[in-house]
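Here is the structure we will look at.
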Amino acid sequence: MWADISREFADSPSQARVLRFLLENGFGINEEGRIVCNGIEIPATHIGRAIETDRRVVDATARRILRDPMLQKIFIRMRAAPDLSRVAEVLGLSVITLLPKDAQEKGIVGAAVEVLVDHDLSIRQIFVTDPYLAEEPKLVMIVDEERIPASVYEDLRALPQVRQLII
Numbered sequence: 001m002w003a004d005i006s007r008e009f010a011d012s013p014s015q016a017r018v019l020r021f022l023l024e025n026g027f028g029i030n031e032e033g034r035i036v037c038n039g040i041e042i043p044a045t046h047i048g049r050a051i052e053t054d055r056r057v058v059d060a061t062a063r064r065i066l067r068d069p070m071l072q073k074i075f076i077r078m079r080a081a082p083d084l085s086r087v088a089e090v091l092g093l094s095v096i097t098l099l100p101k102d103a104q105e106k107g108i109v110g111a112a113v114e115v116l117v118d119h120d121l122s123i124r125q126i127f128v129t130d131p132y133l134a135e136e137p138k139l140v141m142i143v144d145e146e147r148i149p150a151s152v153y154e155d156l157r158a159l160p161q162v163r164q165l166i167i
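First residue of the sequence shown: 1, per our numbering; consecutive thereafter.
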């Protein structure tokens, strides 16, 4: 999908940057062409400031997205979800971030989850950054334990798909 979107926006790197920002943050577009986060409007000036572009580029990108039937379907339905990784310590949770050797390889999530299940750990949240959108794709697992046994990290590092583990 990202290859198709990139080709569609190849004529405007600024609009492609806006589109990527919207996708990375789970921002949608309402029927009026306004940027929204779970239905709450976000001014184009704020988006523009965040990615150092003019609000008119943001507005033009939103209008262009609405004109494309596939993109319209995606962005009208887009929702953002909370990321507990930044508050995990406060909640008594642990965060394990896995950087894969090849993010497009199948079975990475399943193998990592299997390690956690084998150690009887409960997963509170899990998310994967899209390898087509992120420069460094990763798997983030938030575990319902304040301290994780060293053997869990050893088993995760031993997975053939793992390039690096961040704890």
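We treat Cβ as the ideally placed atom computed from N, Cα and C, and that holds for glycine. Here the structure is a predicted model, which means the values were calculated and not measured.
Between residue i and residue j, how many whole angstroms is the CB-CB distance? I'm expecting something under 8 Å.
i, j, result
"leucine 84", "lysine 138", "About 15 Å separates the two Cβ atoms, so there is no contact after all."
"proline 131", "alanine 103", "4 Å"
"valine 18", "isoleucine 47", "7 Å"
"leucine 109", "isoleucine 123", "A small correction: the amino acid at residue 109 is valine; leucine does not occupy that position in the sequence shown. Between isoleucine 123 and valine 109 the Cβ distance is about 11 Å, and since that is not below 8 Å, they are no contact."
"leucine 156", "valine 115", "5 Å"
"glutamine 15", "phenylalanine 9", "5 Å"
"valine 95", "leucine 121", "Their Cβ separation, rounded to whole angstroms, is 13 Å, which puts valine 95 and leucine 121 out of contact at 8 Å."
Using only alpha-carbon positions, find the residue among the options that is nearest to residue i.
i, options, result
"glutamate 105", "Arg67, Val128 and Arg86", "Val128"
"alanine 111", "Pro131, Arg20 and Met141", "Met141"
"histidine 119", "Asp102, Arg34, Glu154 and Glu8", "Glu154"
"alanine 134", "Pro149, Glu114 and Leu23", "Leu23"
"leucine 159", "Pro149, Glu146 and Lys101", "Lys101"
"isoleucine 40", "Gln164, Glu146, Ala80 and Glu52", "Ala80"
"aspartate 59", "Glu136, Ala50, Pro43 and Lys73", "Pro43"
"arginine 163", "Glu145, Val152, Ile126 and Thr97", "Thr97"
"valine 57", "Lys73, Ser12, Ile76 and Met78", "Ser12"
Grab the span of the alpha helix (DSSP H) containing residue i for me, first residue to last.
i, result
"valine 115", "108-118"
"threonine 45", "44-51"
"valine 18", "13-25"
Evaluate residue i with the Cβ neighbour count: other Cβ atoms within 10 Å of its Cβ, from every protein chain shown; 16 or more gives buried, anything less gives exposed.
i, result
"valine 87", "exposed"
"glycine 92", "exposed"
"isoleucine 35", "buried"
"isoleucine 167", "exposed"
"alanine 50", "exposed"
"alanine 3", "exposed"
"threonine 53", "buried"
"threonine 45", "exposed"
Specify, as a first and last residue, the run of the beta strand (DSSP E) that residue i falls within.
i, result
"methionine 70", "Per DSSP, methionine 70 belongs to no beta strand (DSSP E); it is in the alpha helix (DSSP H), 69-77."
ask   = Hey, is the region 17-30 in contact with the region 54-67, meaning 3+ C-beta pairs nearer than 8 Å?
value = Here the region 17-30 makes contact with the region 54-67; the two share three or more CB pairs at distances below 8 Å.
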